[in-house]
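Residue numbers (full-length UniProt numbering): 1 to 314.
The following block contains the structure:
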């Protein structure tokens, strides 16, 4: 058999049958321990499940500080197995956005080449990343209630993928606490209500910063209205169900958070229910007040025991 020329050998090596089918070079070369490294903005992406949806209220102050001093600490980065780009590991998406702005404005290399701390992709991957971002965002300026709620719902999704089973609220609270983001079980219930029933109708109000107590008031109001609807709609043929009715009325109040008035929402709900169900306004109002009082007594956070009075010194 004739010997192959060097060109023929090269052709064989480049043939489709010799193409690499294993992991990418980047995946093979990632350090297996925490390692300082310099990366460019082109290599770095924000964390795609970042719970913060609105701009950090301290954005301009952080930007001014970075412009003058650079980053105070090297951001932690990581990389999903098989991916080419790095992502921010714990918080830091705001700082990355600022670096991109400063690079665009100044073309100063110190905003383009960034000293980072590479940390290997954790064995529990996505859920560790998400809870890390939730905790970091809380420390660096806080999240709105709805941002926390969406983050917790996403964490529930990751936990259920991890365990292969649906989680109770108590188990979700336990796992969040174990991963460094403690949330009371009663708050998880309100978060779930906010995502399922309120967010589709009043996104502007919620992202504008509507707090937990206002969300709780709306949730209790909704429950009371639903019970009254079920009681008085029995045997009637109505043009819409309660969920559609509630969303339709509530969406009329999707304004700025500081202009939102729950009492106006309640008045409108009672007024329209009175017309639809043919029940006197005052009767409905009394029913709702009593139902809300009972519901609050059931779901309110337990009051911690008061400290015993100090004894006089002998």
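C-beta: ideal position from N, C-alpha, C; glycine also.
Computed from a predicted model, the values in this text were never measured in an experiment.
Alpha-carbon to alpha-carbon, residue j and residue i
i, j, result
"residue 40", "residue 80", "17 angstroms"
"residue 244", "residue 110", "53 angstroms"
"residue 197", "residue 112", "43 angstroms"
"residue 238", "residue 181", "44 angstroms"
"residue 381", "residue 268", "Residue numbering for the chain in the displayed model covers 1 to 314; residue 381 lies beyond these limits and cannot be assessed."
"residue 66", "residue 288", "53 angstroms"
"residue 94", "residue 230", "47 angstroms"
"residue 159", "residue 121", "17 angstroms"
"residue 46", "residue 69", "22 angstroms"
"residue 303", "residue 155", "Because the pLDDT of residue 303 is 46, which lies under 50, any placement of that residue in the model is unreliable, and the number read from its coordinates should be weighed accordingly. In a straight line, the C-alpha of residue 303 is about 28 angstroms away from that of residue 155."
Helix, strand or coil at residue i [DSSP, three-state]
i, result
"residue 200", "coil"
"residue 44", "strand"
"residue 76", "strand"
"residue 38", "strand"
"residue 27", "With a pLDDT of 47 at residue 27, under the threshold of 50, the modelled position of that residue is not reliable, and the figure given next carries that caveat. Three-state DSSP puts residue 27 in a helix."
"residue 99", "helix"
"residue 32", "coil"
"residue 113", "strand"
"residue 181", "coil"
"residue 208", "coil"
"residue 118", "strand"
"residue 87", "strand"
Spatial neighbours of residue i in its chain, beta-carbon cut-off 7 angstroms, leaving aside the 5 residues before and after
i, result
"residue 278", "none"
"residue 43", "85, 86"
"residue 210", "145, 257, 260"
"residue 234", "none"
"residue 207", "53, 54, 144, 146"
"residue 23", "A caution first: residue 23 carries a pLDDT of 46, below 50, which makes its placement in the model unreliable, though a value can still be read off. Correct list, in chain order: 82."
"residue 270", "281, 284, 285, 288"
6 angstroms CB neighbourhood of residue i in its chain, flanking five on each side removed
i, result
"residue 294", "none"
"residue 185", "169, 170, 173"
Whole-number beta carbon distance between residue j and residue i, since they are thought to touch under 8 angstroms
i, j, result
"residue 87", "residue 38", "That pair is no contact at about 16 angstroms."
"residue 57", "residue 150", "With a Cβ gap of about 18 angstroms, residue 57 and residue 150 do not count as contacting."
"residue 193", "residue 119", "About 36 angstroms separates the two Cβ atoms, so there is no contact after all."
"residue 284", "residue 265", "About 14 angstroms; that fails the 8 angstroms criterion."
"residue 62", "residue 98", "6 angstroms"
Residue nearest to residue i in terms of C-alpha spacing, selected from the options
i, options, result
"residue 153", "142, 187, 138", "187"
"residue 91", "136, 99, 66", "136"
"residue 179", "164, 195, 133", "133"
"residue 290", "221, 236, 215, 269", "221"
"residue 124", "262, 161, 105, 82", "161"
"residue 183", "214, 138, 219", "138"
"residue 275", "247, 232, 286", "232"
"residue 101", "130, 128, 64, 226", "64"
Residues of its chain near residue i, where Cβ-Cβ distance is below 8 angstroms and the 5 sequence neighbours each way are ignored
i, result
"residue 377", "In the structure as shown, the chain begins at 1 and stops at 314. Residue 377 is therefore absent and cannot be evaluated."
"residue 36", "74, 115, 116, 117, 118"
"residue 255", "204, 205"
"residue 262", "214, 217, 218, 221"
"residue 252", "268"
Contact test: residue i Cβ vs the ligand ADP heavy atom, cutoff 7 angstroms
i, result
"residue 279", "Looking for the ligand ADP in the displayed structure turns up nothing, as the structure carries no ligands at all."
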